[in-house]
Amino acid sequence: MDNSNKYFHFSHEGKNVYKIVDEIISNYKSPLFAIKKIREIFPTFSLIEAKEIVIVSTSVHKGLYDYQGSLLPDLEN
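Oh and the sequence shown: position 3 is 3 in our numbering, straight run, nothing missing.
Below, the structure written as structure tokens:
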């Protein structure tokens, strides 16, 4: 399922969530910190939503479901 557009309209200080994640990752190199920071900036987001935003922003996956589905095949390779 493609959830990449689901969060695109959320913004803070003129930046959409994906731009914010890109900046956090480039500064701190930590996806976990990015998830925490997204939840601080957007307190209405659940942990799952924040995780999905970081996954979409930092990988080729279009949603959390796609990411979860790729874990086992990736480990098998």
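Beta carbons: idealized from backbone N, C-alpha and C, even for Gly. Given the structure is predicted, the values throughout are model-derived calculations rather than measurements.
Check                                                                                                                : Outcome
When P43, S70, H61 are compared against D2, the one with the closest alpha-carbon                                    : H61
Opposing strand residues paired with H12 [DSSP bridges]                                                              : K15
Beta-carbon spacing of G48, H12 below 8 Å                                                                            : Contrary to the premise, residue 48 reads as Ile rather than Gly in this sequence. It is not a contact, given that the beta carbons lie outside the stated cut-off.
Cβ neighbours of I20 in the same chain (closer than 8 Å, five flanking residues each side left out)                  : H12, K37, I38, I41
Residues of its chain near A50, where Cβ-Cβ distance is below 7 Å and the 5 sequence neighbours each way are ignored : I35, I38, R39
For V21, the three-state DSSP class (helix, strand or coil)                                                          : helix
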